[in-house]
Amino acid sequence: MVCFGGESFTVSVTTIDKKHLPTTRSINGSGGKSTRRINDKALIKIRNTDNFCLFYALMASYVYSICSWTKQKFYDYIHNRKGIHRLEGDAKNLMANVRAPLDQPSYDAQNWVPKVVDYWNSINEGLFKVFIFGELDEKPIFKYGDENYTTPILLYFNNNHFDGVRRASDLFGKPYCLSCEIIYNRPKDHSITCTSKCQNCSRIGPNFPCQPLDNYSKRCNGCYKEFNNEDCYNHHLKSNFCHNSKKCEKCGVIWYVKDNNKNGRNGHVCSERYCNTCFSFHDPKRGCYIKPLTPRKPKPYRIIAFDIETMQHKQGEKGMLHEVNFISAKINCPECISKVINDCTVCGESRTITFSHRPFSNTSVDQQNITNDPLTDFVAWITDFSTDTVAFSHFGGRFDMVLVFKALYLQGLTPDMIKNGNKMYEMKVKNDKKCWVIFHDTYNLMPMPLASLVPAFDLKVEDKPFFPHLANNPSNYGKEIYPTKEDYLANGMMPEKRAQFDKWFDQHKNEPFNLVEQLAAYCTNDVDILMAALIAFRKEFLEVSNGLDVLRESMTIASACMKHFRMNHLKVNHVGIVPERGYDNADNQSKLALKFLKWYAEKNNVEVRNAHSKNGEKKMGKFKLDGWVEEKKLAIEVNGCCWHGCIKCYPDNNLKLPTGLTAEKQREKDQQRLKFIRNLGVDVEVYWECEIRNMVSKDYEMRKMFKKYLDDGPINIREAFYGGRTGPLKLFHKAEPGQKISYYDVTSLYPFINVSTRYPVGHPEVHVINKDVNWIKPEDNTYQLALLKLFVIPPRNIDIPVLPMKIGEDDDERLLFPLCSTCAKEHPKGDVDENYCCPHTDQQRGWVSTCTSIELNEALKEGYVVTKLFRVLEFNQHDDTLFRPYISEFMAQKIHSSGFDNTIKGDKLKEDKFMKECMEMLGLI
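My numbering numbers the first residue of the sequence shown as 58 and each following residue consecutively.
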């Protein structure tokens, strides 16, 4: 039992041993036919009375795909009594061939589909691949088969039952690409990067792109493409794809006419490609930039403010259950806000709507809905409109939206969510009318209690009243009661609010309380406040941002401000986007592999090329090698046990690995890879993770070298970001006579820093240096604006250390500012030793640091020494006014709103001096 703010509460902590959690989702089929309604034309329905629906569905889809039967013959095979017996026999023969027992209660597709696919591939000329789709997503929940498959087998899984699928397009109602796993509208508009699309004729599927046939060769004079298949040539003319796609005669690139002639672009440019990162055409060597935003054309949409009240009178397995008994919703739209009209097709006739158990009479609303299940009726109402809706609730991310999510799910709707832990930021679902219903938490836009919104925006609405939440119980319906202070949760109020409550309670404690009427008044007052605040907030943001509708465009105040910056202040081709794999374009490789390859190189006196080498990993065919010794033509492979299915650590052939393959299949794939490499005349040495760890445990010199390993690889820019520093210099002080302990509030320096700091812009130049240096003063660092990766040694004595380092593993990493990295590692949780004296050498005290040139120069001033310089990202362009207009704009708003500080207010000279400084530094008037 703990206490905070006066009210006691209990914290229950449940811990789970991760070893006992399932590592993969089971897809078990055993049940009879699903009762969920699916388009008959989409599914090959399996009506079984046993537990073999997986094999029936596989067999039926297999026959449908490879046998050229008439519709009637296939119908009889699935539905006719004689045909069903044949299907049953075929399915059981299939089970026998893959050694599936007949006495299982269910059959997991992840275990049995690979065996079936491998069996089919062994008896047929073509290659098969199975895709299993579920009810919640367009992407398959499981797939297995060769990437070069010729025949797809599709299954549908729902309610523990499998059915076959004739075509993916039947299932989704639109064309579907099995390679990209997305729906598309027309083949000619589908992604140009799709591996299953013929770029000459635009057809899509496992048998495409079109293959050369009968030595056919023809050049089209309309689109300049070369065709080696007559059917391909004819289809590109028939489908009019000849006018949609052209081939450049200079560079040979196939380009799309529509894409290259919009947004001011006038046709194909040879050196430019479309970029999926910044969504524009540019030379790949140039790099990507954050694009300025342009205001979107406004579309009609509904703004709904809603509030949910719940009772907690029923006991659940894990505590009291929240049961909804009142919901109030208020409707508005941009058109009504700007023109103040009442007759609106978007909002409808009723603007204030309630859903409740009991009718009420003292609160005026446009529509009362009396129902036993207010939440279900509310969800049905809010999702049944023909315009987009954005619905807001205050603190809804942890309460109202959670309740709505459950109701949506129970109605067969699965919303897309953006959340952090248990807190939802956005929940969106598309209704039957193809309109979006989006739920946002207004606290993320206006981070203050609901009651504080009234004075913050000077709202002309009634203040939020007190309400006895513990008295919200169905036993109090139809009664006059007298709630106690405990019913109002008074002991949990903060002191200022408690004082207000005590005064209010003394005035009203003898007045009878009608739960039904007061519940309506309280809940509708909440939505009145919320809607008024939303309108005021939207109006202010529209004015300051030149047209950004913050309610439609943003879910948090941070995202709203960034969109405003990009729309009104960001220059074109100014702030670069860091490439996904960094500026060094580095390959991923485990620390264990890098340490081992470093040890191997020194042990054998050879140079081993790895992911951190200048040119990255050596490539042979489509395979990259972990290590490569050029003078010996030797490949070194370092296999992680769990990723490659080590036979010692993972002897179970059917175990599913993180790669998505079984251990047996992964080992087969690795053997094929090694065979390919060896056939090129290359020697290969394979080392397993468990073998290396065993070697380290037995070899002292190897263990010492592993501990001394310095990460000299590519710069990871994130490693230079450590977050805010909050290290106290003294944890306890006893005030002596005459001493006073005071608290000082320091004004945030963020606005000043953003106004006055030089920011790097554009893209940096990459320097791979890897050499010893001796930097002891800022002048030694010749890189004025850069990120540097280096080995730094701190001074032995300093009051406030400058450079940080992280100690520990990923799941228990600590940020420290040590003067000895070895001491920090030996005492990761700190220690108290009055006789402490660091015994370590400078080399043992130092560490590899990724930092900015500004931080480094400050550290060099304080006695830090740099002995090794590994890599540098040097920026040759900068902007010292990048955020100045943006900061100035909002600082002006803040100053105008707050007025002069009390220290200068009323002093004309000081006020004039302050205004002069604002003008000179910020350009404020």
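Using N, Cα and C, we set each Cβ at its ideal position, and we do this for glycine too. A quick note: this is a predicted structure, and the numbers were derived from the prediction, not measured.
- Task: Check whether the Cβ atoms of residue 359 and residue 499 sit closer than 7 Å, and answer yes or no.
- Result: Taking the first residue of the sequence shown as position 1, residue 359 is located at position 302. Taking the first residue of the sequence shown as position 1, residue 499 is located at position 442. No.
- Message: Could you tell me which whole alpha helix (DSSP H) segments of length 4 or greater appear in the segment 629-682?
- Response: 648-661
- Which one of 640, 255, 789 has the shortest CA to CA distance from residue 342? On the sequence shown, residue 342 is found 285 positions in, with the first residue counted as 1. Per the Cα distances, 640.
- Query: For residue 862, which of helix, strand or coil comes out of DSSP?
  - Reply: Numbered from its first residue, the sequence shown carries residue 862 at position 805. Strand at residue 862.
- Item | 4-residue-minimum alpha helix (DSSP H) runs that sit fully inside the segment 243-304, ordered along the chain | 287-295, 298-301
- For residue 846, which of helix, strand or coil comes out of DSSP? As a position in the sequence shown, residue 846 is number 789, starting the count at 1. Residue 846 falls in the strand class under three-state DSSP.
- From what residue to what residue does the beta strand (DSSP E) around residue 817 run? Working through the sequence shown from its first residue, we reach residue 817 at position 760. Here the beta strand (DSSP E) through residue 817 covers 816-818.
- Message: Just to confirm the assignment, what range does the beta strand (DSSP E) spanning residue 376 have?
- Response: What you label residue 376 is simply residue 319 of the sequence shown in a count that begins at 1. Segment 376-389, the beta strand (DSSP E) holding residue 376.
- Measure the alpha-carbon distance for residue 815 versus residue 938 and round it to whole angstroms. Counted from its first residue, the sequence shown places residue 815 at position 758. Counted from its first residue, the sequence shown places residue 938 at position 881. The alpha-carbon atoms of residue 815 and residue 938 are separated by roughly 7 Å.
- Query: Buried or exposed: residue 443, going by 16 or more other Cβ atoms within 10 Å of its Cβ?
  - Reply: Within the sequence shown, numbered from 1, the residue matching residue 443 stands at position 386. Label assigned to residue 443: exposed.
- Best match in 571, 194, 929 for proximity to residue 822 [C-alpha to C-alpha]: Along the sequence shown, read from residue 1 onward, the residue named residue 822 stands at position 765. Out of 571, 194, 929, 929 has the C-alpha closest to the C-alpha of residue 822.
- Start and end residues, alpha helix (DSSP H) containing residue 625: Locating residue 625 in the sequence shown gives position 568, where the first residue counts as 1. Taken as a continuous stretch (DSSP letters only), the alpha helix (DSSP H) holding residue 625 covers 614-625.
- Item | Cutoff 8 Å; reference residue 195; Cβ partners in own chain excluding five residues on either side | Here the question's residue 195 lines up with position 138 in the sequence shown. Hits under 8 Å: 229, 233, 238, 239, 240.
- Query: Quick one: complete beta strand (DSSP E) runs, 3+ long, within the segment 164-219?
  - Reply: 185-190, 199-202, 208-215
- Query: Should the segment 896-912 be regarded as contacting the segment 878-887, the criterion being three or more beta carbon pairs within less than 8 Å?
  - Reply: yes
- Secondary structure of residue 741, DSSP reduced to three states: Residue mapping note: residue 741 aligns to position 684 of the sequence shown, counting from 1. Note: residue 741 maps to strand in three-state DSSP.
- Item | Extent of the continuous alpha helix (DSSP H) to which residue 562 belongs | Taking the first residue of the sequence shown as 1, we reach residue 562 at position 505. 552-565 is the span of the alpha helix (DSSP H), which, as asked, contains residue 562.
- In whole angstroms, what separates the C-alpha of residue 956 from that of residue 565? Stepping through the sequence shown from its first residue, residue 956 is reached at position 899. Stepping through the sequence shown from its first residue, residue 565 is reached at position 508. Going from the Cα of residue 956 to the Cα of residue 565 covers about 38 Å.
- Item | Identified DSSP bridge partners for residue 907 | Here residue 907 corresponds to residue number 850 of the sequence shown, with the count starting at 1. Residue 907 is bridged to 846.
- Query: Using 8 Å as the Cβ pair cut-off and three pairs as the minimum, do the segment 418-431 and the segment 469-483 touch?
  - Reply: no
- Could you give the distance in angstroms between the alpha-carbon of residue 493 and the alpha-carbon of residue 623? By 1-based counting over the sequence shown, the position of residue 493 is 436. By 1-based counting over the sequence shown, the position of residue 623 is 566. Residue 493 and residue 623: Cα-Cα distance of roughly 25 Å.
- Message: I need the straight-line Cα distance from residue 335 to residue 617, nearest angstrom please.
- Response: One-based indexing of the sequence shown puts residue 335 at position 278. One-based indexing of the sequence shown puts residue 617 at position 560. Each residue's Cα considered, the two are about 20 Å apart.
- Can you give the beta carbon distance from residue 950 to residue 607, rounded, assuming they're within the 8 Å contact cut? Within the sequence shown, residue 950 is the residue found at index 893, counting from 1. Within the sequence shown, residue 607 is the residue found at index 550, counting from 1. At roughly 15 Å, the Cβ-Cβ gap does not stay under 8 Å, so residue 950 and residue 607 are not in contact.
- What do you get for residue 792, buried or exposed, if any count of 16 or more other CB atoms within 10 angstroms of its CB means buried? For this step, residue 792 is matched to residue 735 along the sequence shown. It is exposed - the Cβ of residue 792 has fewer than 16 other Cβ atoms within 10 Å.
- Are the CB atoms of residue 435 and residue 384 nearer to each other than 7 Å? Residue numbering aside, residue 435 sits at position 378 when the sequence shown is read from its first letter. Residue numbering aside, residue 384 sits at position 327 when the sequence shown is read from its first letter. Cβ atoms of residue 435 and residue 384: closer than 7 Å.
- Close-in-space but distant-in-sequence residues of the same chain around residue 307 (CB under 6 Å, 5 per side omitted): Sequence index remark: in the sequence shown, residue 307 carries index 250 (1-based). If we look at residue 307 and ignore the five residues flanking it on each side, its Cβ neighbours are 327.
- Check whether the Cβ atoms of residue 925 and residue 848 lie closer than 7 Å to each other. Working through the sequence shown from its first residue, we reach residue 925 at position 868. Working through the sequence shown from its first residue, we reach residue 848 at position 791. In contact: residue 925 and residue 848 (Cβ atoms closer than 7 Å).
- Task: Mark residue 440 as exposed unless 16 or more other C-beta atoms lie within 10 angstroms of its C-beta, in which case mark it buried.
- Result: As a position in the sequence shown, residue 440 is number 383, starting the count at 1. Buried, since its Cβ has 16 or more Cβ neighbours within 10 Å.
- Query: For the beta strand (DSSP E) that residue 368 lies in, which residues bound it at each end?
  - Reply: In the sequence shown, residue 368 corresponds to position 311, counting from 1. 358-373 is the span of the beta strand (DSSP E), which, as asked, contains residue 368.
- Whole-angstrom distance between residue 901 and residue 845, CA atom to CA atom: As a first step, residue 845 must be located in the sequence shown, where it is residue number 788. As a first step, residue 901 must be located in the sequence shown, where it is residue number 844. If I take the Cα positions, the gap works out to 21 Å.
- Task: Could you check if residue 969 is buried or exposed, using at least 16 other CB atoms within 10 Å of its CB as the buried criterion?
- Result: As a working mapping, residue 969 is identified with position 912 in the sequence shown. Result: exposed.
- Task: Between the Cα of residue 265 and those of 149, 235, 704, 831, spot the shortest distance and give me the residue it belongs to.
- Result: Mapped onto the sequence shown, residue 265 falls at position 208. Residue 235 is the option with its Cα nearest to residue 265.
- What's the C-alpha gap between residue 91 and residue 226? Translated into positions along the sequence shown, residue 91 becomes position 34. Translated into positions along the sequence shown, residue 226 becomes position 169. Residue confidence is low: residue 91 scores 39 on pLDDT, short of 50, so the model does not pin down where it sits. Its coordinate-derived value is still stated next. If I take the Cα positions, the gap works out to 21 Å.
- Task: Could you tell me the distance, in whole angstroms, from the CA atom of residue 448 to the CA atom of residue 495?
- Result: Counting from one through the sequence shown, the residue named residue 448 turns up at place 391. Counting from one through the sequence shown, the residue named residue 495 turns up at place 438. Those two C-alpha atoms are separated by around 6 Å.
- Message: Per the DSSP calculation, residue 410 is bridged to which residue(s)?
- Response: Within the sequence shown, the letter at position 353 stands for residue 410. DSSP output for residue 410 lists 386, 424 as bridge partner(s).
- Query: Sorted by chain position, which residues of the same chain lie with C-beta nearer than 6 Å to residue 125's C-beta, five sequence neighbours on each side aside?
  - Reply: For the purposes of this step, residue 125 is taken as the residue at position 68 of the sequence shown. Cβ within range, chain order: n/a, list empty.
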